[in-house]
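For the sequence shown, the numbering used here puts the final residue at 331, and the numbers step up evenly by one. Each residue gets a CB set at the ideal place from its N, CA and C atoms; glycine is no exception. As the structure is a prediction and not an experimental result, all values here were calculated from the model. Step one of this worksheet: look at the structure below.
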Amino acid sequence: MNERTLKILEYDRILQLLANEASSNLGMELAKKLKPSAVPELVKERQEETAEALAILWREGEIPLGGIRDIRESLKRAKLGVSLEPTELLAVCDVARAARVLKKFLREKGAQVLLPYIAQLASFPEIEEQVARAIGPEGEVLDRASSKLSSLRAQIRTLQNRL
Numbered sequence: 169m170n171e172r173t174l175k176i177l178e179y180d181r182i183l184q185l186l187a188n189e190a191s192s193n194l195g196m197e198l199a200k201k202l203k204p205s206a207v208p209e210l211v212k213e214r215q216e217e218t219a220e221a222l223a224i225l226w227r228e229g230e231i232p233l234g235g236i237r238d239i240r241e242s243l244k245r246a247k248l249g250v251s252l253e254p255t256e257l258l259a260v261c262d263v264a265r266a267a268r269v270l271k272k273f274l275r276e277k278g279a280q281v282l283l284p285y286i287a288q289l290a291s292f293p294e295i296e297e298q299v300a301r302a303i304g305p306e307g308e309v310l311d312r313a314s315s316k317l318s319s320l321r322a323q324i325r326t327l328q329n330r331l
């Protein structure tokens, strides 16, 4: 479709309505970038994906999407070898948990058409556990993050008490 046709159909308004229904900022961003296709096979494939997702949503009432965050900047920094802040690690952990939960949910609910998407969702339970063990919910590094840190903090407390 050409731009003129999209304008006449108020396609941008349709995309905005769709974006308003998204559960995350990432979803909003993706919704606003959708382009119609004139390829019948692709249209049919997307309709089947939508139908399956909608059927699961209707049957279950909701799809677990909690924890989805935009961690692209943190991932870029990590690729460059930059250490992430504890709050960034928590966000990465939240996304990993969200992916694991969503993958399990969709498999349990019998998703078939969405399998290619499900296959792309990786699970990192060991990283989730390590982050949860080392970083508190407010982003504070916990004493149990390492034995050395625990020892140093104990020494600091002892010295503070002596003072």
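Check, Outcome
"In angstroms with no decimal places, state the Cα-to-Cα distance between Ser291 and Lys272.", "10 Å"
"For the stretch 208-296, which segments carrying the alpha helix (DSSP H) assignment without a break, of at least 4 residues, lie completely within its bounds, in sequence order?", "208-228, 240-247, 254-276, 283-288"
"Report buried or exposed for Ala264, applying the criterion of at least 16 other Cβ atoms within 10 angstroms of its Cβ.", "buried"
"Quick one, which of Leu194, Lys201, Asn170 has its alpha-carbon nearest Lys182's?", "In the sequence under discussion, the amino acid at residue 182 is Ile, which differs from the Lys named in the question. Checked all of Leu194, Lys201, Asn170; the closest Cα to Ile182 is Lys201."
"Evaluate contact between the stretch 273-284 and the stretch 251-259, counting only Cβ atoms and requiring at least three cross-stretch pairs below 8 Å.", "no"
"Do Val260 and Ile239 have their C-beta atoms closer together than 7 Å?", "yes"
"Can you list, in chain order, the residues of its chain whose CB lies under 6 Å from that of Leu233, leaving out five sequence neighbours each side?", "Ser191"
"From Glu276, Arg172, Leu317, pick the residue whose C-alpha is nearest to that of Ile231; which is it?", "Glu276"
"Rounded to whole angstroms, what's the CA-CA distance from Asn170 to Ala223? Just pull it up for me.", "32 Å"
"List the whole-angstrom C-beta distance separating Ile258 from Gly307, where the pair is believed to meet the contact cut-off of C-beta under 8 Å.", "Before going on, a small fix: residue 258 reads as Leu here, not Ile. Yes, they are in contact, since the Cβ atoms of Leu258 and Gly307 sit about 6 Å apart, within 8 Å."
"To which residues does DSSP link Ile176 through a beta bridge?", "According to DSSP, Ile176 bridges with nothing at all."
"By Cβ distance, which residues of its chain are closer than 8 Å to Ala313, with the 5 residues on each side in sequence left out?", "Arg301, Ala302, Ile303"
"Taking Gly195 as part of the alpha helix (DSSP H), name the residues at either end of that continuous run.", "193-200"
"Assuming contact is defined by CB atoms lying nearer than 7 Å, are Leu186 and Ala199 in contact in what I supplied?", "yes"
"Could you work out which residue in Asp262, Asn188, Ile286 is closest to Val299 when comparing CA atoms only?", "Asp262"
"Let's test the definition: count the other Cβ atoms within 10 Å of the Cβ of Leu210 and tell me whether it reaches 16, buried, or not, exposed.", "exposed"
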